[in-house]
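I have placed the structure first, in the form of structure tokens, so that the comments after it can refer back to it.
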């Protein structure tokens, strides 16, 4: 009896979690998110969190950040990674990068 209840509880949890959508990139914003706003960085398939970050103070100024040129603040933003969850994971830095 206990095993059946345990299995049923697991099934209920699974069905509830299955309703949560897989994270996708945010639509283009009209303005920059606030400085120090938290950011989660996902794997290329959007299934695993690979790092935690915050919007950088240098995001306020368009220019070159770590060798990447931003034409305007709507194209990209600068972040500071504060915690690596999966070291060595690959990320796509810009839409032009393959």
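Residue numbers (my numbering): -5 to 92.
Ideal placement from N, C-alpha and C gives every residue a C-beta, glycine not left out.
What is the DSSP secondary structure of residue 78, reduced to helix, strand or coil?
strand
What does DSSP give as the partner residue(s) for residue 34 in the beta ladder?
46
Considering Cα atoms alone, identify which of 80, 51, 1 is closest to residue 41.
Comparing alpha-carbon positions, the option among 80, 51, 1 lying closest to residue 41 turns out to be 80.
Could you compute how far the alpha carbon of residue 94 sits from the alpha carbon of residue -1?
Within the shown structure, residues of the chain are numbered from -5 to 92, placing residue 94 beyond reach of any answer.
Between residue 33 and residue 49, which are expected to be in contact by the criterion C-beta below 8 Å, what is the C-beta distance as a whole number of angstroms?
Your pair residue 33 and residue 49 checks out as a contact, with CB atoms roughly 6 Å apart and the cut at 8 Å.
In the DSSP output, what is residue 73 paired with across the bridge?
49
What would DSSP say about residue 40, mapped onto helix, strand or coil?
coil
Can you tell me where the alpha helix (DSSP H) with residue 1 in it begins and where it stops?
-4 to 12
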